[in-house]
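Enquirer:
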Amino acid sequence: MALRELIPWNNGSRNLPARRTEVDNPFLSLHREMNRLFDDVFRGVDIGQFAPPATMGWPSVEFNETDKEVKVIAELPGIEQKDVEVELADGVLTISGEKKSETKDKERRFSERYYGRFERRIPVDDVDQDKVAASFKDGILTVTLPKSPTEQRKVKRIAINGK
Numbered sequence: 002m003a004l005r006e007l008i009p010w011n012n013g014s015r016n017l018p019a020r021r022t023e024v025d026n027p028f029l030s031l032h033r034e035m036n037r038l039f040d041d042v043f044r045g046v047d048i049g050q051f052a053p054p055a056t057m058g059w060p061s062v063e064f065n066e067t068d069k070e071v072k073v074i075a076e077l078p079g080i081e082q083k084d085v086e087v088e089l090a091d092g093v094l095t096i097s098g099e100k101k102s103e104t105k106d107k108e109r110r111f112s113e114r115y116y117g118r119f120e121r122r123i124p125v126d127d128v129d130q131d132k133v134a135a136s137f138k139d140g141i142l143t144v145t146l147p148k149s150p151t152e153q154r155k156v157k158r159i160a161i162n163g164k
């Protein structure tokens, strides 16, 4: 008895089952071709670079809150202080500005850097608008929003008892 005869799907014959070709099923052929095209187009492409800056949350911000104030710290690398505006209206802090290109190089073919206008709106409640202050140093914008006296009284610390 030959080893070939022990293999159940061979049945001792040398004939292999024919593979059905893609030509037999046009929908399967179309499906595979579309998958191949999408794979080729999106291979190695970061979709995030095509999203507008507002959806990416640029500039990046950090919030720090105490009983007396809220601090908003925004990273604005490569932007000068004169190109940044900070406004507070109707309980919304708006940080806006423009990052300009350092060079007017028309021969540039590729750039991953972002240039252009940006705006970030942050809702804030019960702050003393007359005492809001902002500072800018080394590309870091810090906005200090003191809480109103009524908001400060709303905060009550609750002690936690251990067992």
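One point on numbering: in my numbering, the residue at position 33 of the sequence shown is 34, and numbering is uninterrupted. Glycine residues also receive a C-beta, built at the ideal position from the N, C-alpha and C atoms.
1) Are the CB atoms of Gly92 and Asp126 nearer to each other than 7 Å?
2) How many angstroms separate the CA atom of Lys193 from the CA atom of Ser61?
3) Do Leu142 and Val128 have their CB atoms nearer than 7 Å?
4) Could you pull the start and end residues of the beta strand (DSSP E) that Val85 belongs to?
5) Can you list, in chain order, the residues of its chain with a C-beta nearer than 7 Å to that of Leu89? Leave out the 5 residues immediately preceding and following it.
6) With distances taken between CB atoms, is the gap from Lys100 to Tyr116 smaller than 7 Å?
7) Does DSSP classify Leu77 as helix, strand or coil?
8) Straight-line CA distance for Lys72 to Lys148?
9) Thinking C-beta only, is Ser102 closer than 7 Å to Glu120?
10) Return the residue from the list Arg114, Pro78, Lys107 and Trp59 that minimises the CA-CA distance to Gly140.
11) Could you tell me which of Ile74, Thr67 and Lys69 sits nearest to Trp59, measuring between CA atoms?
12) Going along the chain, which unbroken runs of the beta strand (DSSP E) with 3 or more residues stay wholly within the region 127-154?
Expert: Answer, in terms of the structure:
1) Taking the sequence shown and counting its residues from 1, one reaches residue 92 at position 91. Taking the sequence shown and counting its residues from 1, one reaches residue 126 at position 125. With contacts defined as CB atoms closer than 7 Å, Gly92 and Asp126 qualify as a contacting pair.
2) The shown model of the chain, from 2 to 164, leaves out residue 193, and the question about it has no answer.
3) In the sequence shown, the residue the question calls residue 142 occupies position 141. In the sequence shown, the residue the question calls residue 128 occupies position 127. No.
4) The sequence position of residue 85 within the sequence shown is 84, counting from 1. Note, Val85: beta strand (DSSP E), Val85 to Ala90.
5) Translated into the one-based positions of the sequence shown, residue 89 becomes position 88. Excluding five sequence positions before and after Leu89, the CB atoms of its chain that fall closer than 7 Å to its own CB belong to Gln130 and Val133, given in chain order.
6) Residue mapping note: residue 100 aligns to position 99 of the sequence shown, counting from 1. Residue mapping note: residue 116 aligns to position 115 of the sequence shown, counting from 1. Their beta carbons are under 7 Å apart, which means Lys100 touches Tyr116 by this criterion.
7) As a first step, residue 77 must be located in the sequence shown, where it is residue number 76. Coil, per DSSP.
8) As a working note, residue 72 is residue 71 in the sequence shown. As a working note, residue 148 is residue 147 in the sequence shown. Going by the C-alpha atoms only, they are around 10 Å apart.
9) Locating residue 120 in the sequence shown gives position 119, where the first residue counts as 1. Locating residue 102 in the sequence shown gives position 101, where the first residue counts as 1. No, Cβ-Cβ distance for Glu120 and Ser102 is not below 7 Å.
10) The residue labelled residue 140 in the question sits at position 139 within the sequence shown. Of the listed residues, the one whose Cα sits closest to Gly140 is Pro78.
11) In the sequence shown, residue 59 corresponds to position 58, counting from 1. The shortest C-alpha separation from Trp59 is found at Ile74.
12) DSSP runs (the beta strand (DSSP E)) wholly in the region 127-154: 134-138 and 141-147.
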